[in-house]
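Worksheet for the structure shown next.
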Amino acid sequence: MGTIDDLLILPCYVFSQLRGTKGSYTPKKILDRDVSPIEFPFIAVPINSNGDHWILAIIAYIGDLRLSSNNPRTTILILDSLNGSPKHHAEDVMWLKVLIKTWFAGVRDVPIAEMSKVPVHHPHVLRQPNFVDCGFYPAHFLSVFMKDPTRYLKHCTGEAVIEGELSKIWEGSHLGEHRERFRNYISGKIELFTKVQAWYGSQLVHEAGSHSAAMSQRKTSQKSKRLLQDENASPFPK
Numbered sequence: 648m649g650t651i652d653d654l655l656i657l658p659c660y661v662f663s664q665l666r667g668t669k670g671s672y673t674p675k676k677i678l679d680r681d682v683s684p685i686e687f688p689f690i691a692v693p694i695n696s697n698g699d700h701w702i703l704a705i706i707a708y709i710g711d712l713r714l715s716s717n718n719p720r721t722t723i724l725i726l727d728s729l730n731g732s733p734k735h736h737a738e739d740v741m742w743l744k745v746l747i748k749t750w751f752a753g754v755r756d757v758p759i760a761e762m763s764k765v766p767v768h769h770p771h772v773l774r775q776p777n778f779v780d781c782g783f784y785p786a787h788f789l790s791v792f793m794k795d796p797t798r799y800l801k802h803c804t805g806e807a808v809i810e811g812e813l814s815k816i817w818e819g820s821h822l823g824e825h826r827e828r829f830r831n832y833i834s835g836k837i838e839l840f841t842k843v844q845a846w847y848g849s850q851l852v853h854e855a856g857s858h859s860a861a862m863s864q865r866k867t868s869q870k871s872k873r874l875l876q877d878e879n880a881s882p883f884p885k
């Protein structure tokens with residue numbers, strides 16, 4: 648079973664930023680620890696493909712690209728809940744390899760030619776039943792993959808295919824449970840946001856009321872001061 652220390656999950660915006668820079672992307676520090684991405688056995692990259700569909704890329708054993716590795720296992724997996732063709736994801740793969748090059752900038756024992764030769768696999772996965780769940784499936788695929796990454800990597804590359812239906816291989820029976828858990832999570836966030844918004848609104852009202860009261864008190868004080876001044880003045884014209 649994979650552990651959290653084996654996995655780096657990139658923020659959703661990284662790939663979009665990379666594509667928007669036309670290849671001049673400079674990766675910012677995205678880790679709490681001072682560890683290079685190439686030190687992780689598995690890197691999960693959420694990709695908004697063509698701007699309207701979320702897929703998941705998993706880069707496996709990127710560190711094996713070093714010349715010191717005698718048996719490189721570096722592989723890119725494209726997990727798409729619409730099972731798009733390799734041609735459909737050609738541009739996504741191109742930018743993934745650009746991203747890999749940015750991570751190896753300054754690393755001397757990695758020939759650039761080897762990066763372009765990294766094999767890419769497009770395994771068949773569960774297909775989403777609609778056109779709105781694409782953002783949900785990448786998380787599900789990753790959770791299943793990390794339960795036994797070595798076994799699933801061999802399955803996805805065709806080295807040792809897991810026998811059975813896709814729904815069993817990719818735990819389709821758990822999708823409903825995960826969807827419900829996700830729905831409850833989002834509902835909880837919405838409820839919390841609503842409470843915070845209501846509290847913040849009440850604070851604004853309270854502050855506005857306090858400000859109004861202070862202004863009223865200030866006006867009253869100024870009026871009283873003028874009255875005292877008037878009392879000291881003679882009521883008769885000189």
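Each position in the sequence shown, counted from 1, maps to that position plus 647 in the working numbering. Just so you know, even glycine gets a beta-carbon here, dropped at the ideal spot from N, CA and C.
Spatial distance of ALA691 from TYR708 (CA atoms): Here the question's residue 691 lines up with position 44 in the sequence shown. Here the question's residue 708 lines up with position 61 in the sequence shown. About 12 Å.
PHE689 - containing beta strand (DSSP E), residue span: The residue labelled residue 689 in the question sits at position 42 within the sequence shown. Element bounds for PHE689: 689 to 696.
Go ahead and pull the three-state DSSP assignment for ILE705. As a first step, residue 705 is located in the sequence shown; it is residue number 58 there, counting from the start. Of the three classes helix, strand and coil, the one that applies to ILE705 here is strand, per DSSP.
Hey, ILE702 and SER696 are a contact pair by Cβ (cut 8 Å); roughly how many whole angstroms apart? As a working note, residue 702 is residue 55 in the sequence shown. As a working note, residue 696 is residue 49 in the sequence shown. Confirmed, Cβ separation roughly 5 Å.
On the CB-based measure, 16 or more other CB atoms within 10 Å of its CB, does PRO770 come out buried or exposed? Translated into positions along the sequence shown, residue 770 becomes position 123. Label assigned to PRO770: buried.
Is ILE694 buried or exposed, if buried means 16 or more other CB atoms sit within 10 Å of its CB? For the purposes of this step, residue 694 is taken as residue 47 along the sequence shown, with counting starting at 1. Buried: at least 16 other Cβ atoms inside 10 Å.
With DSSP as the reference, identify every bridge partner of VAL767, one or two as the case may be. Here residue 767 refers to the residue found at position 120 when the sequence shown is read from its first residue. VAL767 pairs with ILE723.
According to DSSP, simplified to helix, strand and coil, what is LEU875? Along the sequence shown, one-based indexing puts residue 875 at 228. Only weak support is given to the placement of LEU875: the predicted model assigns it a pLDDT of 45, under 50, and the value that follows is read from those uncertain coordinates. Look at LEU875 here: in three-state DSSP terms it is helix.
Beta-carbon proximity check, LEU969 vs PHE662, cutoff 8 Å: The structure shown does not extend to residue 969, since the chain is modelled only from 648 to 885, so the question has no answer here.
Do you know offhand how far SER834's Cα is from PHE792's? In the sequence shown, residue 834 corresponds to position 187, counting from 1. In the sequence shown, residue 792 corresponds to position 145, counting from 1. Cα-Cα distance, rounded: 27 Å.
Just list the alpha helix (DSSP H) runs in the segment 757 to 844, keeping only unbroken ones of 4 residues or longer that don't cross its boundaries, in chain order. The qualifying runs are 759 to 763, 784 to 792, 796 to 804 and 813 to 816.
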